[in-house]
Every structure is written in C-alpha cells, then in structure tokens.
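Structure first, commentary second.
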Amino acid sequence: MADAGEILLGRFGRELLGTAQLLFLVFIMGSHILTFSVMMNTITDHGTCSIVFGVVGLVVSFIGALPRTLKKVSWLSIASFISIVAAVLTTMIAIGVQKPGTGQVDATVQTNLYHGFLAVTNIVFAYAGHVAFFGFISEMEKPRDYPKTLFMLQFTDTAMYILTAVEIYYFGGKDVASPALGSTGPIMSKVAYGIAIPTIVIAGVINGHVACKYVYVRMLRGTEHMHKRSMFSVGIWVGIAFALWTIAWIVAEAIPVFNNLLSLITALFASWFTYGLSGIFWLFLNRGRWFESPHRIAIAILNLVIVGIGGCLIEELPVRLRNNAQAH
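According to our numbering, the sequence shown is numbered sequentially starting from 4.
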C-alpha cells in the first residue's frame, strides 16, 4: 500500500499510506485479541480476568507470527476457512433449532444516524481485506491470476454474509449478540467459539504478518540481511512481531467492547482502505475520463456521501467510547 501511495503522491504518499496501513493492521490485530478474550470468557464461563485471557491471546498470536514468509502462513488459512465455516454453520443450525427470537422480525427500526451508520460500518469492516491485497499479490508466482482469486473471494463471502445474516436475524431476532456466535444458548455458544478458535487466531496472525513484513522491509531494505536467515535478521523479525502484538493488546484492553472497536477501526481506516482509496486508485488510472457516463457521476456522488458520514462518526465515536468505558 505504501508503494501505491508513492505512485500517487511521491514520498509523502508512501509515508502516509504506509503508516495508515500499519495502524489499521495493528487495530485489526487488537480486534482478534479482543475476540480471543471474549471466546475464552464464553468457554470458561468467565473463569478468570479478561486481561489474563488477553495476555494468552497475545502470546498465542505472537508465536503464530514468527514465520517470516506467507508461504508457511498461507497453509494455515485452510484451517482458518474450515474453522469459521464450521462455526457459522453450527451457530445457524443451533439458532434455527432454538428459535430464541422467532415471531419478531422488523424490516426497519427507529434509530438515529449514529446507530444506523454504526451498523453500516460493521458491514464495511467485513469487506476490509483490501489492506492486505498488495502483500499477497507480491508473493504470488503469477500475480496476474489474482483477479480470479479476488472474484471468487468476493462472490463466496457475499453469499455467506447474506445467508448467515438473514438466517440468524430471522431466528435470533433483534437481540443478536456481537459477535453473533454468542447468540445461541450457553452450550452451543461454547461449541461455536471452540470451533472458531483457529480462525480467531489465524486471521489475526495473517494480518499481523502483513504488518510485520512492512516494518521489516522498511528497516532492512537494501541490506544484506533482507533475505538472509541470520541471527540478526531473525532477531529483528521477532522484535517487530513482539512490539506490534504488544501494541495490539494495549488497543484491545483500551477498547474492551467488541462492537465499538470495530466501529472505530472502520471509521478511521476501513472505510478509506476498502472504498476511499479504491476510488482514488480508479480516478488516478482513469484520468480525463471521469465524467464519461451518468453511472460514473452517480457512483462518485454516493462515495462522497459515504465518506462524509464516516467523517461525522469519527467525531461522535470517541464520546460514545468514553461513556461506555465509564458505564463499565
């Protein structure tokens, strides 16, 4: 992402997007540590302090981040995929059998701008994988094949999101938990979270790997240690991984409400990396052809509205976070 920023705005663009990408990834890592803590609390019936579970999540994630290449980490994605699909299917089946909210399905509800767009930002977060696209492309043997992979990803995850959301909301009603794996009874919630453990850990590790690789390359680019497996290079990698995961743990402890953390991540970073920068890249690649059709003009206006509302959320969200922290 930093290289793309350099193409757009030179050295300033490289530093701006590189720093934003790093912060975004660290916040995502923090969300996975927080999810790990929620999972452990659910499985153990709050058997110990959430901070302790957060430290356990930090240690597990740090160990998973030690390999330096995505080739080794990518194999874990298979286990992560199987894990989340199985956990979601378990939740869907359990909530379909228990039907805790059947009979009350509201197509619309009365709300305010903050809570309404809060739901929108959570949807945006679900599609926030763009920040890692360049990193994956750079390690592919045939980078030109990436659009095929991306199309398959977007098709399957959109189908999964729609089917899962409709089924869980229909049977779970308006009081669906966040994360939704906790929407079933105590036993099935434990089962679902237990199945989801690989995803909770691995997905965070992959985002953490991209963050570590960015810092590692910036520190060692142009040196003989860049591609060597020496004590110095390994020590640098371990130090970077430990530092970033420690910062992520601090973020998770500072914002202990999962929904609020997602909203903050989306308002600050995900909306830009998922939609804003994609639009800027398109404008850059299509200079001189911006107003060729009414469709392009309409899309531009819609995007400006989304960015504007997201900016308003950034002002409102810190106040909400402070109030929630005082309430707890």
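Built from N, CA and C at the ideal position, the CB exists for glycine as well.
Can you give me the Cβ contacts of His-133 inside the same chain, cut-off strictly under 6 Å, excluding the 5 residues immediately before and after it? Exclusion of the five residues before and after His-133 leaves Phe-276 and Thr-277 as the residues of its chain whose Cβ lies within less than 6 Å of its Cβ.
* To do: Go through its chain and collect everything with a Cβ distance to Phe-30's Cβ below 8 Å, but skip five positions before and after it.
  => Once the five neighbours on either side are set aside, the close Cβ partners of Phe-30 are Ala-251, Val-254, Leu-264, Leu-267, Ile-268, Leu-271 and Phe-272.
- Helix or strand or just coil, what does DSSP make of Asn-210? Correct three-state label for Asn-210: helix.
Give me the Cα-Cα distance between Thr-202 and Pro-103, rounded to the nearest whole angstrom. Going by the C-alpha atoms only, they are around 26 Å apart.
- Quick one: Cα of Met-163 to Cα of Leu-79, how far? In this structure, the CA atom of Met-163 is about 21 Å from the CA atom of Leu-79.
Every unbroken alpha helix (DSSP H) inside the stretch 40-114 [4 residues or more]:
Secondary structure remark: continuous alpha helix (DSSP H) runs of at least 4 residues inside the stretch 40-114, in chain order: 53-67 and 73-101.
Does the pairing of the stretch 204-214 with the stretch 28-48 give three or more beta-carbon distances under 8 Å? Contact holds: three or more Cβ-Cβ distances are below 8 Å.
Q.
Just verifying my parser: in three-state terms, what is the DSSP assignment at Ser-281?
A. Ser-281 falls in the helix class under three-state DSSP.
- Since Pro-182 and Val-41 are thought to touch, with beta carbons under 8 Å apart, how far apart are those beta carbons, to the nearest angstrom? Confirmed, Cβ separation roughly 7 Å.
Residues near Tyr-196 by beta carbon distance below 7 Å, same chain, minus five either side: Counting only Cβ-Cβ distances below 7 Å, and skipping sequence neighbours, we find Met-42, Thr-45, Ile-46 and Leu-184.
Kindly indicate which residue of Val-123, Ser-186, Ala-135 and Tyr-149 has the alpha-carbon position closest to the one of Gly-211.
Nearest C-alpha to Gly-211 among Val-123, Ser-186, Ala-135 and Tyr-149: Ala-135.
- Contacts around Phe-294, its chain only, beta-carbon distance under 7 Å, and the 5 residues preceding and following it disregarded: Around Phe-294: Ile-300.
Would you be able to state if there are at least three C-beta pairs under 8 Å between the stretch 234-251 and the stretch 153-168? Too few Cβ pairs lie closer than 8 Å, so no.
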